[in-house]
Amino acid sequence: MEHNAIQLFGILLIYTFVRLLAAPAFDDGNNNNVKITKHSLELTQTINIQRQEFMQRQCDLLDADMQTLDDLTELQMDHMIVDKEHKLLYCYVPKVACTNWKRVLMLLMGKWQNGTDPLLIPGSLAHSVGMFTKFYDLSEEERAQVLSEDYTRFILVRHPFERLLSAYRNKLEGGSPSARYFQLRVGRQIVRELRPGASNASLDQGNDVQFSEFVRYLLTPRLSRTNQTDYNEHWEVIAKLCNPCVMKYNVVGKYDTLLDDSALALYLAGAKNLTFPIGHKQSSTRANLRKYFDPLPIGAIRRLYEIYEEDFRLFDYGMDDVLGFEFG
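For the sequence shown, the residue numbers in mature numbering (1 follows the signal peptide of the UniProt record, and there is no 0) are -22 to -1, 1 to 306.
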């Protein structure tokens, strides 16, 4: 069995190199003046194949809950953007660079005519309803084609707790218009339901929710889950948003290697003179994980892990970054 896996890896690697060599090369004059080399792409694809194989092994272990394409609801396909011309499917995950990736896709699809810098595209426009074709818009025949070898199926993932903390800091701790929306809708609910003796100002504004209160909110389904099943997309389990065991993504990008993995996805999709913007602001969330998680009771962290366990397992993440050790 191990010999077969090694043999398969070798075949996939050779196939990938041939495909890369046959693919159109980037010019030096892309929007960020980034030099993309075949060597760097080959190294990235080697890592990518390992991620695919790991994910597939985990999917096989989870086969009791396996779905098929026919089982997916429209809601489960809502995050899957399709570019039929470039044969690219991208499943966007909130808090994993999805705004900038949508901007890049707008340029790729010719939906932005005011220059070639994706960072100039308003985020609200990139997120606007009806901007992109979704997987559920396709016919059965087109959906089947998306799952063929001809398509690049791309997903970007992030450590579940890092993504969760990023959502909290951006949506409940910050002062942006988006944060105010969440503070008024979610923050006030958390204060009202989970903080005894809350001040009138906190009840009215919902802008001082502590991370521990946010975690308690997530662990209280009657408050945090719509119809007791679905979280808000910003902290929903990635596996529920993108169904990796059904879609079998062939580019599995990670937030830590965002630029390399994005370059690979665009290259395989045949995108010329276009790269993911290097102006992307690096997050400080990873450095703050211990600060926010250390005060939490170990029981709460364990229950939180159980919620996101599928993401931990499918995408090969551990608890060491948060706790300094793994759960037994």
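Heads up, the beta-carbon is just placed ideally off N, CA and C, and yes, glycines get one too.
Fair warning: this is a prediction, and the values are worked out from it, not measured in the lab.
1. What residues match up with M58 in a beta bridge as DSSP calls it?
2. If distances are taken between C-alpha atoms only, which option among N148, V187 and Y286 comes closest to Q167?
3. Could you check the C-alpha separation between G248 and T130 for me, to the nearest Å?
4. Would a C-beta distance cut-off of 8 Å place L219 and L282 closer than the cut-off?
5. In its own chain, which residues sit with a C-beta less than 6 Å from the C-beta of Y227, not counting the 5 before and 5 after it?
6. How would you label H137, buried or exposed, when you count the other beta carbons within 10 angstroms and need 16 or more for buried?
7. Might you give, ordered along the chain, the residues of its own chain that have their beta carbon closer than 7 Å to the beta carbon of F189, omitting 5 neighbours on each side?
8. For L53 versus Y68, is the C-beta spacing smaller than 8 Å?
9. Leaving out the 5 sequence neighbours to the left and right, which residues in its chain are closer than 8 Å to R203 when beta-carbon positions are compared?
10. Going straight from the alpha carbon of D238 to that of E171, what length do you get?
11. May I ask you to list the residues that DSSP assigns as paired with K112?
12. Less than 7 Å separating the Cβ of M55 from some heavy atom of the ligand GTP?
13. Do you know how far the Cα of L85 is from the Cα of Q91?
14. If you compare alpha carbons, which of R280, Y245 and R264 is closest to T15?
15. In this structure, how does DSSP classify R158 when only helix, strand and coil are distinguished?
16. Out of I27, Q123 and L47, which has the shortest C-alpha to C-alpha gap to H64?
17. So the candidates are T22, L150, V169 and N178; which of them puts its Cα closest to the Cα of L201?
18. Are the beta-carbon atoms of K149 and H57 separated by less than 8 Å?
19. Output needed for A217: all residues of its chain with C-beta closer than 7 Å, excluding positions within five of it in sequence on either side, in chain order.
20. For N11 and P96, I'd like the C-alpha separation in whole angstroms.
21. Does P273 pass the burial test, meaning 16 or more other C-beta atoms within 10 Å, or should it be called exposed?
22. How would you label P250, buried or exposed, when you count the other beta carbons within 10 angstroms and need 16 or more for buried?
23. Is the beta carbon of L19 closer than 8 Å to that of A241?
24. Among the candidates L125, T111, K80 and E118, whose CA atom is the shortest distance from the CA of A104?
25. What are the boundary residues of the beta strand (DSSP E) that includes F132?
To lay it out plainly:
1. C69
2. V187
3. 10 Å
4. no
5. R131 and I133
6. buried
7. Y146 and Y270
8. no
9. Y209
10. 44 Å
11. I59
12. In the structure shown, the ligand GTP is absent, as is every other ligand, since no ligand is present at all.
13. 8 Å
14. Y245
15. helix
16. Q123
17. V169
18. no
19. E288, D289 and L292
20. With a pLDDT of 44 at N11, under the threshold of 50, the modelled position of that residue is not reliable, and the figure given next carries that caveat. Going by the C-alpha atoms only, they are around 14 Å apart.
21. exposed
22. Contrary to the premise, residue 250 reads as Lys rather than Pro in this sequence. Exposed, since its Cβ has fewer than 16 Cβ neighbours within 10 Å.
23. yes
24. K80
25. T130 to V135
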